[in-house]
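Here's the structure we're looking at; comments come further down.
Protein chains: 2
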Amino acid sequence: MNQIYANDADFNRSDPRAVRAAIRAGKITGETSGLGSNYVQGNLAILPADLAMDFLRFCQRNPKPCPLVGVSETGDPMLPTLGNDIDIRTDIPSYNVYRNGELTETIPDVNDLWRDDYVAFIIGCSFSFEQALVNEGVPLQHWDRNLTVSMYITDVMTKPSGPFRGGTVVSMRPMTAINAIRSVEITSRFPHTHGSPIHLGDPAQIGINDISKPDWGDAQEIPDNQIPVFWACGVTPQNAIRMAKPEICITHTPGSMLITDLPAHGNV
Amino acid sequence: MNQIYANDADFNRSDPRAVRAAIRAGKITGETSGLGSNYVQGNLAILPADLAMDFLRFCQRNPKPCPLVGVSETGDPMLPTLGNDIDIRTDIPSYNVYRNGELTETIPDVNDLWRDDYVAFIIGCSFSFEQALVNEGVPLQHWDRNLTVSMYITDVMTKPSGPFRGGTVVSMRPMTAINAIRSVEITSRFPHTHGSPIHLGDPAQIGINDISKPDWGDAQEIPDNQIPVFWACGVTPQNAIRMAKPEICITHTPGSMLITDLPAHGNV
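Chains A and B are the protein sequences, given in the same order.
If you count the first sequence from 1, position 62 lands on 62 in the working numbering, and the numbers rise without skipping.
If you count the second sequence from 1, position 199 lands on 199 in the working numbering, and the numbers rise without skipping.
Written out as structure tokens, the structure reads:
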């Protein structure tokens with residue numbers, strides 16, 4: 001066996017095409033963290049066309065929580081603007097199917113569910129900017145402690161569009177003041193992965209009453225010499241979709257994202 | 001007569017609400033340059049709903065030439081995400097109506113033409129970033145010589161969506177190398193007004209064969225110590241729409257733009 005490949009999987013883990021081929025072949029069914037790490041990973045939402053224009057407008061109006069990196073043609077499962085031969089029906093390891101806002105199935109592909117009126121939306125996620133922060137010497141507590149980042153619902157309301165609305169969900173990273181400043185500089189360069197923070201300091205100012213009790217993810221320590229820094233989070237559109245209760249919506253299973261051919265730190 | 005108001009017009013020229021009220025009242029029928037100058041000005045395209053989703057996708061795929069700053073609800077002429085009481089039927093000084101790709105009318109309002117299936121798109125323009133460059137000490141030859149900026153069609157193809165496609169149109173500003181570098185830094189902060197340049201230096205590399213013959217606007221001198229710097233231009237979506245020959249499309253008359261309540265140099 002070729003020892004340059006890890007985890008018994010016979011593919012190049014840094015090549016997005018090879019990773020997607022392995023996913024399509026059923027060799028990867030779990031999380032995509034660490035795969036194709038120099039390329040943009042994206043969250044998925046598939047909606048029927050009658051809701052698609054409202055959702056496009058929702059993303060246009062809320063670019064920090066909903067940074068749209070790609071949209072399929074109506075009924076076409078291919079995503080040529082995001083990479084070579086991406087078939088959104090098969091190229092994500094695991095899919096969640098929501099009917100009228102309720103999770104009904106978790107399945108490895110959506111070949112049997114695909115319809116002529118579906119539109120696939122790919123939304124940037126924080127993975128790329130976290131890598132950029134670490135590369136620039138900004139430590140992330142949840143990386144060092146192997147936690148899921150803390151996420152909170154806030155009272156910073158999104159701009160509504162059709163049935164899509166609700167509070168902005170944020171992810172929180174504790175850091176020193178100088179690293180908070182540096183992280184604003186770094187993340188402002190990546191509008192497609194949520195951009196710069198939406199708040200720093202006092203959590204109560206954005207409607208977070210107890211920073212030790214995140215709504216999603218794990219709690220983090222906030223040392224005396226650090227402040228919490230808050231970025232808009234991709235759970236925001238997921239929440240907005242769930243509350244809109246579409247007849248059907250298909251998403252990635254959390255952690256199992258689409259790996260695109262777009263360079264993570266390239267021009268957007 | 002109150003001498004603090006210029007040009008016989010009894011309104012505050014720096015207040016976008018006052019300027020829009022004067023436009024709506026028919027007191028301003030020409031260009032908006034110099035009005036509400038600290039606020040984002042936008043280009044207008046109104047399209048029927050059956051083309052709107054393709055056009056939204058076109059803008060998502062081509063953010064530098066088509067930076068979308070606002071989209072109306074289908075059939076609703078108000079633009080609450082861009083400011084207070086903006087009625088797109090009346091709040092632009094002059095409108096061009098294109099039918100099947102041909103200009104058929106230039107009219108002061110579109111009250112009589114408005115339909116339940118119209119969607120209004122507002123696209124950022126270069127006015128705001130030019131002000132930012134001048135404020136930062138980067139001189140602009142076309143400002144100093146009172147010319148219209150030089151614009152060229154290039155062979156840098158847009159990513160198509162539905163009937164919308166074609167080459168990217170660029171505007172060109174000659175500058176010294178150090179000002180070219182500075183202008184990349186400055187304009188990269190404003191993705192909603194075309195962002196950073198798409199090219200600098202050799203015009204032939206983007207399919208411009210004679211820099212002295214712009215396709216639109218005036219020719220500019222390129223002194224020996226300067227290079228041409230090229231930004232994606234809002235004429236790109238106008239061209240794409242014209243070539244798509246929609247049954248009807250309504251735009252602003254060139255130079256007569258929408259003045260929004262969004263601060264020109266604020267967070268986007």
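Beta carbons are placed, not taken as given, at the ideal position from N, Cα and C, and that holds for glycine.
DSSP, read as helix, strand or coil, puts threonine 193 of chain B in helix. By the beta-carbon neighbour count (other beta carbons within 10 angstroms, threshold 16), leucine 103 of chain A is exposed. Under the criterion of beta carbons closer than 8 angstroms, proline 174 of chain A and glutamine 141 of chain A qualify as touching, at roughly 6 angstroms. Here isoleucine 107 of chain A has Tyr95 as same chain residues with Cβ atoms under 6 angstroms from its own Cβ, once five neighbours each way along the sequence are excluded. Close to alanine 232 of chain A, with beta-carbon spacing below 9 angstroms, lies no residue of chain B; the smallest spacing is near 12 angstroms. Rounded to the nearest whole angstrom, the C-alpha separation of serine 33 of chain B and proline 263 of chain A is 39 angstroms.
DSSP lists B/Ile122 as the bridge partner or partners of glycine 70 of chain B. Taking C-beta separations shorter than 7 angstroms and ignoring five residues to either side along the sequence, the partners of cysteine 66 of chain B in its chain run Phe58, Cys59, Ile123, Thr236 and Pro237, following chain order. Contact note: glutamine 141 of chain B does not reach chain A at a C-beta cutoff of 9 angstroms; the least C-beta distance is about 26 angstroms. Cβ-Cβ distances below 8 angstroms link alanine 18 of chain A to Phe11 and Asn12 in the same chain, with the five nearest sequence neighbours on each side left out; the list follows chain order.
Proximity of the stretch 248 to 262 of chain A to the stretch 83 to 101 of chain A meets the contact definition, three or more beta-carbon pairs being nearer than 8 angstroms. In chain order, Tyr152 and Thr154 place their CB closer than 7 angstroms to the CB of isoleucine 208 of chain B, counting only its own chain and leaving out the 5 sequence neighbours on each side.
Using beta-carbon distances, methionine 157 of chain A does not count as an interface residue toward chain B, since no partner is under 8 angstroms. Taking the C-beta atoms as reference points, methionine 172 of chain A is found nearer than 8 angstroms to phenylalanine 230 of chain A. The Cβ atoms of asparagine 62 of chain B and threonine 193 of chain B do not sit closer than 8 angstroms to each other. Beta bridge pairing from DSSP links isoleucine 153 of chain A with A/Val169.
With 16 or more other Cβ atoms from the protein chains shown falling within 10 Å of its own Cβ, lysine 64 of chain B counts as buried.
For proline 65 of chain B, no chain A residue has a Cβ inside 7 angstroms of its Cβ, as the nearest lies near 14 angstroms away. Annotation: alanine 120 of chain B has no Cβ neighbours in chain A at a cutoff of 7 angstroms; minimum Cβ distance is about 11 angstroms.
The three-state reading of DSSP puts serine 161 of chain B in strand, counting E and B together. If only complete runs of 4 or more residues are kept, the stretch 3 to 72 of chain B shows the alpha helix (DSSP H) at 16 to 24 and 49 to 61, in order along the chain.
Any Cβ of chain A closer than 8 angstroms to the Cβ of methionine 172 of chain B would place that residue at the interface, and such an atom is absent.
Annotation note: the stretch 81 to 109 of chain A contains no uninterrupted alpha helix (DSSP H) run of length 4 or greater. For histidine 199 of chain B, the beta-bridge partners assigned by DSSP are B/Phe230.
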